[in-house]
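Residue numbers (full-length UniProt numbering): 1 to 121.
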């Protein structure tokens, strides 16, 4: 995610701004291995986000447990904790993959009827 703020993969040109608090954001990117101890904290952060909210699962660790899939303390899919809208594959994902995931999410948001009605009024 460090390259997201760099000039080559600048997320600002796609209206993506990183916020310090979940109360100020509408999208959460889950990256890395999700353990059983971390699952309640992830759900708590998800509950603090305002509606409408979206989740991007990035990397094979968040998508399916990754290298630690057979460990006893790993939540194998983060979809069990929070509803996921976009899955970004890779171990680790290429630098373009998070950008592609954000663009797919923007397409998904633009297809929503209730969002379009709110935006046009």
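The beta-carbon is built from N, C-alpha and C at its ideal position, and this holds for glycine as well.
86 is the residue among 14, 86, 10 and 27 whose C-alpha sits nearest the C-alpha of residue 60. Membership of residue 61 in the alpha helix (DSSP H) is indicated by the continuous run 60 to 64. Between residue 80 and residue 109, the alpha-carbon positions lie close to 22 Å from each other.
Selection 30, 36 and 46 evaluated against residue 71 yields 36 as nearest (Cα-Cα). The way I'd put it, the stretch 30 to 47 doesn't touch the stretch 5 to 19; fewer than three beta-carbon pairs between them come closer than 8 Å.
One alpha carbon belongs to residue 50, the other to residue 21, and they sit about 11 Å apart. Cα atoms of residue 100 and residue 15: separation of roughly 14 Å, rounded to the nearest angstrom.
Nearest neighbour of residue 33 by Cα position, chosen from 106, 82, 94 and 69, turns out to be 69. Taken in chain order, the whole beta strand (DSSP E) runs of length 3 or more contained in the stretch 8 to 84 are 27 to 31 and 54 to 58.
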